[in-house]
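Read left to right, the sequence shown gives residues 8 to 370 (our numbering). Read the structure below first, then the notes.
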Amino acid sequence: MSREFFWQMDRRDFLKLCGGVAAALGLSEVSVPKIAEVLAASAAKPPVIWLELGSCTGDSCSFLNADSPTAAEVILNQLSVRYHEAIMAAQGTLAEKAIEDTIKNEAGKYVVVVEGVVPTKKGYGMIGGKEMQDILKEVSANALVVIALGTCSAYGGIPGGDPNPGEVKPVMDLIDRNKVINLPGCPAHPMWLLSTVTHLLMFGMPKLDSQRRPVAIYGQTIHDNCPRRSAFDEGRYVEQFGQAEVDRDYCLIKKGCKGPITYSNCPQQRWNSGKNWCIGAGAPCIGCVDPKFPDAMSPFYDRLPDIGIPGVAGLRTDADTVGAVVGAATAIGIAAHAVGAAAKGKLGRADEAEKKSGKASRA
Ligand code: SF4
Ligand code: SF4
8 MSREFFWQMD RRDFLKLCGG VAAALGLSEV SVPKIAEVLA ASAAKPPVIW
58 LELGSCTGDS CSFLNADSPT AAEVILNQLS VRYHEAIMAA QGTLAEKAIE
108 DTIKNEAGKY VVVVEGVVPT KKGYGMIGGK EMQDILKEVS ANALVVIALG
158 TCSAYGGIPG GDPNPGEVKP VMDLIDRNKV INLPGCPAHP MWLLSTVTHL
208 LMFGMPKLDS QRRPVAIYGQ TIHDNCPRRS AFDEGRYVEQ FGQAEVDRDY
258 CLIKKGCKGP ITYSNCPQQR WNSGKNWCIG AGAPCIGCVD PKFPDAMSPF
308 YDRLPDIGIP GVAGLRTDAD TVGAVVGAAT AIGIAAHAVG AAAKGKLGRA
358 DEAEKKSGKA SRA
């Protein structure tokens with residue numbers, strides 16, 4: 008990037024963006040000048056190979072769609088993207104050479120971003136005559152870090168749902184797991200990538216949970232921070248889509264909202280440059296960031312079992328500690344009900360389906 012790039016941008020917008028990065032990283036406003044410095048530093052240009060494997064290109068679209076000043080602009084100027092099938096001009100052997108040169112000349116320094124699942128059944132996913140899983144292994148071997156962007160590459164997502172004919176797997180099941188950062192989402196939010204890359208540049212690897220998600224982004228349930236939470240606690244629920252209650256911010260739990268068992272900062276981050284998000288638009292969260300999405304979150308519009316008692320307001324847990332809470336089997340309130348649902352209901356059904364089809368659990 009260029010320092011010039013940022014100073015051509017409106018300064019207020021740039022600092023606002025840096026404030027957004029700080030918020031996504033869980034840092035205070037005090038860190039904004041440092042973030043601005045890092046983002047504007049011309050030296051901070053790690054090479055990137057962006058692989059598009061078994062995907063719909065949704066994460067690239069999400070990344071490229073935001074309006075100005077976009078996270079995409081910042082990332083494309085902050086990083087040196089050497090290979091991205093959807094947006095690069097080079098084709099064929101020239102494109103292949105860009106990958107080979109980066110692997111050879113930037114060993115241990117480059118970042119790999121992977122979009123999409125990795126088919127492991129022979130012939131189900133090939134690029135230039137090579138199996139996708141071989142490309143992933145070859146490109147990741149010398150990488151500094153591998154970012155699995157989107158639920159497909161992080162956990163299998165929709166292609167990994169039953170019956171999974173291509174025997175697709177998530178990235179972390181095929182390469183050194185310790186190199187992987189998962190940024191699930193269907194699609195992932197551009198700010199999740201920008202804040203993670205910024206963290207890598209400033210401090211190195213972010214704190215990850217057991218599913219290798221950054222805790223700063225995926226550490227709390229959507230329900231914990233939902234603007235409709237007071238309606239949930241007070242028993243005001245949307246009974247039918249299209250009702251005036253949707254616009255009055257009534258809770259969507261009866262219309263299938265999976266916010267109580269879904270971990271991400273969507274309520275604070277919001278989408279389309281912070282304009283709105285699923286629940287804000289009156290649509291229940293379908294848990295698109297979850298490791299067991301979509302099977303364990305289906306049917307999308309059915310109410311979660313066991314989530315019926317208005318919970319303990321302010322109870323905050325992350326995805327790892329919540330398991331311990333339920334293990335103790337003493338906690339009451341939404342966190343316990345959420346995990347109870349996961350353990351006894353939805354996830355149970357998914358595990359059963361996996362057993363029947365002879366497949367191992369994906370998460
Ligand atoms: S159930 Fe969904 S809509 Fe209701 S408060 Fe929780 S996250 Fe918000
Ligand atoms: S609110 Fe739920 S469905 Fe919407 S983007 Fe966030 S995790 Fe996905």
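No residue lacks a Cβ here, since even glycine has one placed at the ideal position from N, Cα and C.
Annotation for ARG89: the continuous beta strand (DSSP E) segment containing it runs 87-91. Not one heavy atom of ligand 1 lies closer than 7 Å to the C-beta of ARG310.
Checking the DSSP bridge columns, you'll see LYS137 partnered with ILE134. Buried is the label assigned to LYS265, since at least 16 other Cβ atoms lie within 10 Å of its Cβ. In the structure shown, CYS63 falls within a coil segment according to DSSP collapsed to helix, strand and coil.
Annotated as distal: VAL120 and ILE94, with beta-carbon spacing of 8 Å or more. Counting of Cβ neighbours within 10 angstroms places PRO234 among the exposed residues, the total staying below 16. Counting only residues whose CB is nearer than 6 Å to a non-hydrogen atom of ligand 1, the list in chain order is ILE229, HIS230, CYS233, ARG235, ARG236, PHE239, CYS258, LEU259, ILE260, CYS264, GLY266, PRO267, ILE286 and CYS292. Put simply, the backbone Cα of ASN112 is about 30 Å away from that of PRO191.
By the criterion of a C-beta distance shorter than 7 Å, LEU156 is surrounded in its chain by ASP66, VAL120, VAL121, GLU122, LEU190, ALA195 and LEU200, once the five residues flanking it on both sides are discounted. Remark: C-beta atoms of ILE188 and PRO301 do not approach each other more closely than 8 Å. In the DSSP annotation of this structure, the continuous segment of the beta strand (DSSP E) that includes ILE188 starts and ends at 187-190.
Per DSSP, the unbroken beta strand (DSSP E) holding GLU122 starts and ends at 118-122.
A heavy atom of ligand 2 is found nearer than 7 Å to the CB of CYS295. At least one heavy atom of ligand 2 lies closer than 7 Å to the C-beta of SER271.
Note that the C-beta distance between ILE229 and SER280 is not below 8 Å. Excluding five sequence positions before and after ALA223, the CB atoms of its chain that fall closer than 6 Å to its own CB belong to LEU32 and GLY33, given in chain order.
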